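Numbering (my numbering), first residue to last: 37 to 133. Every residue, glycine too, gets a C-beta built ideally from N, C-alpha and C. This structure is a prediction, so every number in the text was calculated from the model and none was measured. Notes follow the structure.
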Amino acid sequence: MTSAPTASTWRDHHSPICLFTLNSREQSMTPKPRMKKLSVSAGNIAKAAERLLSQRLVSTEVDYIRRTLPASSTQAEIDAGVIRVRALPWASIVVPE
């Protein structure tokens, strides 16, 4: 006849402190997720505009976004640029000749 494990033997082998320590150790060892950088090209800007606005941007707006963003940006930065360019007055978007 086998007896059920007592509470003291269960605590000795399954200490909640050890489990907590292991969990916090694993959490500190996991790498932080990085945002993927995309090239700020006319194609990527056009895709973002279609997704966000369901409209195309004119070439002047695309040029403005390419001037204001670095060569590679995250998708969130490109999305913010697309939304921002539609809120700006036209005089601030166009390059004076």
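Original post:
Can you give the Cα-Cα distance for L74 and I129, rounded to whole angstroms?
Top reply: Approximately 23 Å between the Cα atoms of the pair.
Subject >> Own chain, CB closer than 7 Å to E133, minus 5 neighbours either side, in chain order >> reply: Exclusion of the five residues before and after E133 leaves no residue of its chain whose Cβ lies closer than 7 Å to its Cβ.
**OP:** In angstroms with no decimal places, state the Cα-to-Cα distance between L124 and S108.
**Re:** Rounded to whole angstroms, L124 to S108 spans 22 Å at the Cα level.
Original post:
Shortest alpha-carbon distance to I102 belongs to which of A82, A127, K72 and R70?
Top reply: The amino acid at residue 102 is misidentified as Ile; the sequence shows Arg. Looking at A82, A127, K72 and R70, the one whose alpha-carbon comes closest to that of R102 is A82.
**OP:** Measure the C-alpha to C-alpha separation of V76 and A116 and round it to an integer number of angstroms.
**Re:** Cα to Cα, the separation comes out at about 13 Å.
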